[in-house]
Amino acid sequence: MILPPQHPLSAGLTSDSRLVRAYRGERSDVTPVWFMRQAGRSLPEYRDLRVGTRMLDACLEPAMAAEITLQPVRRHRVDAGIFFSDIVVPLKLVGVDVEIQPGRGPVFSRGYADAAGVAELTAIDPARLDEASAPITEAVGRVVAELNATPPSGGGAAGSNEPGSTPLIGFAGAPFTLAAYLAEGGPSKDHLAARTLMHADPGAWRALMDWTAELTGRFLRTQVLAGASAAQLFDSWAGALSLADYETHVAPASTKALGFVHDLAYEIPDATGDAAARATRSVPVVHFGVGTGELLGAMHDIGVDTVGVDYRIPLDVAAQRIGDGVPLQGNLDPALLAAPWPVLESAVREVLERGQSAPAHVFNLGHGVPPETDPTVLTRVVQLVHEASA
Ligand code: 1CP
Numbered sequence: 411m412i413l414p415p416q417h418p419l420s421a422g423l424t425s426d427s428r429l430v431r432a433y434r435g436e437r438s439d440v441t442p443v444w445f446m447r448q449a450g451r452s453l454p455e456y457r458d459l460r461v462g463t464r465m466l467d468a469c470l471e472p473a474m475a476a477e478i479t480l481q482p483v484r485r486h487r488v489d490a491g492i493f494f495s496d497i498v499v500p501l502k503l504v505g506v507d508v509e510i511q512p513g514r515g516p517v518f519s520r521g522y523a524d525a526a527g528v529a530e531l532t533a534i535d536p537a538r539l540d541e542a543s544a545p546i547t548e549a550v551g552r553v554v555a556e557l558n559a560t561p562p563s564g565g566g567a568a569g570s571n572e573p574g575s576t577p578l579i580g581f582a583g584a585p586f587t588l589a590a591y592l593a594e595g596g597p598s599k600d601h602l603a604a605r606t607l608m609h610a611d612p613g614a615w616r617a618l619m620d621w622t623a624e625l626t627g628r629f630l631r632t633q634v635l636a637g638a639s640a641a642q643l644f645d646s647w648a649g650a651l652s653l654a655d656y657e658t659h660v661a662p663a664s665t666k667a668l669g670f671v672h673d674l675a676y677e678i679p680d681a682t683g684d685a686a687a688r689a690t691r692s693v694p695v696v697h698f699g700v701g702t703g704e705l706l707g708a709m710h711d712i713g714v715d716t717v718g719v720d721y722r723i724p725l726d727v728a729a730q731r732i733g734d735g736v737p738l739q740g741n742l743d744p745a746l747l748a749a750p751w752p753v754l755e756s757a758v759r760e761v762l763e764r765g766q767s768a769p770a771h772v773f774n775l776g777h778g779v780p781p782e783t784d785p786t787v788l789t790r791v792v793q794l795v796h797e798a799s800a
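The opening residue of the sequence shown carries number 411 in our numbering; numbering runs sequentially from there.
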């Protein structure tokens, strides 16, 4: 499907942004930078806004979700926004009993760790998400309207000559990471319930993964249709799996989830200059997981443009493992944000240096911003990335 002409990619507002260019393997004037979990607890303006509102209520209140998404873009002048939401929001929207407990994460009223539980869950039609997703569509629309009305972040001291507007990244949880919470009924360290179900009852596991893939794929598609210019699939806990289990029991569902955005394309003028001829490009997709050094190639092979790398593997090693020609995103160890500036600065420079081994690099952390991070440090890292890569 061709995205409508007013979509920021179709309108040419974000299609040549640093971020979108990097995701298709092209380098720009400076290396683009954003941070996983840039929206949220490290920002005092976020904590102020959230007082008295529960996490999932904040996600489903369009004005609030939009404002929280925009806060780090304004403050840090990053090269992308990431939609403020959570991987369990689509579950909540179709009626699954889940809440996000402060300091803990998503907690369900029960676990779905056997065939009976899976049958109950999968009796819900994932297509119901489309009827329930008005708050997502409205929040994304508000974010994109403001991003389009504001000049892009630019490079701070290194120049702010970026054309168009700042892109918004939409995201969703990959089926395995969602299943890890669903099977357990909440956060866990080793995701044992999910890993047991995978082997104990492969049929129930496949049903759970298929259902989750459709639900989370629809969530991602909703965000792109509403105006997001890229999509990131978070398989945060895939690092708990062997390569064989990943390939057999997980990758097919992740491929299915991405099928809900792979057909979304935008038109660009044809290189021949023939005004009537138009070429199409698809919406860029990023795939990220934690502790997935052994899985990087397989995570690329599910059909993504860019691979997000956590902090355990240097980017040049990741580039070797994945193979030539794949843009990389990452991978500063978040722990370094609390280190003295000279230590942090040299680590940032090293990440940029190693990122040269990929055709293009989007600077990010190797996982999310820790809540106690001093936000002025994040702003300084953005400036450094822009200046050092110029
Ligand atoms: O009250 C609060 O502030 C709750 C903290 C919080 C926030 C700010 C949670 C609970 N989720 C979020 C927002 C969120 N979640 C975003 C926002 C955009 C941004 O990055 O700025 C995103 C992308 C997510 C995605 C998410 N949720 C992931 C994948 C990314 C990752 O960090 O690996 C996962 C695993 C979750 C589950 C979750 N939600 C919240 C927590 C604390 C957790 C992790 C719990 C656990 O350790 O298992």
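Idealized CB from N, CA, C, for every residue including glycine.
Under the 8 Å Cβ criterion, the region 655-669 does not count as touching the region 722-729, having fewer than three qualifying pairs. By the Cβ test, the region 421-441 is in contact with the region 768-775, since at least three Cβ pairs between them sit closer than 8 Å.
For A617, the enclosing alpha helix (DSSP H) covers residues P612 to A636. Per the C-alpha coordinates, the member of P500, P781 and N741 positioned closest to A757 is N741. Every alpha helix (DSSP H) of 4 residues or more that sits fully in the region 419-465 is shown, in chain order, as 428-433 and 454-460. Closest option to T479, judged by alpha-carbon separation, among E556, Q511 and D540: E556. The alpha-carbon separation between A689 and P414 amounts to approximately 15 Å. DSSP places G669 in the helix class (H, G or I) of the three-state scheme. For A525, the CB contacts under 6 Å within the same chain, skipping 5 residues up- and downstream, are D611 and A614 in chain order. With respect to the C-alpha of E477, the residue from F493, R487 and H417 having the closest C-alpha is F493.
In this structure, the straight-line span from the alpha carbon of V430 to that of T783 is close to 27 Å.
Under the three-pair Cβ rule at 8 Å, the region 594-605 does not count as touching the region 540-560. In this structure, the CA atom of P750 is about 28 Å from the CA atom of G703. Contact between the region 677-686 and the region 615-627 is not established, with fewer than three Cβ pairs separated by less than 8 Å. Contact check for G551 and P562: beta-carbon distance about 19 Å, past the 8 Å limit, so the pair fails to qualify. Scanning its chain for C-beta atoms nearer than 7 Å, with the 5 sequence neighbours on each side dropped, one finds around D426 the residues P573 and G574, in chain order. Scanning its chain for C-beta atoms nearer than 7 Å, with the 5 sequence neighbours on each side dropped, one finds around S799 the residues V440, T441 and L762, in chain order. The beta carbon of V634 lies closer than 8 Å to those of L413, G580, A641, V671, L674 and V693 in the same chain, with the five residues before and after it left out.
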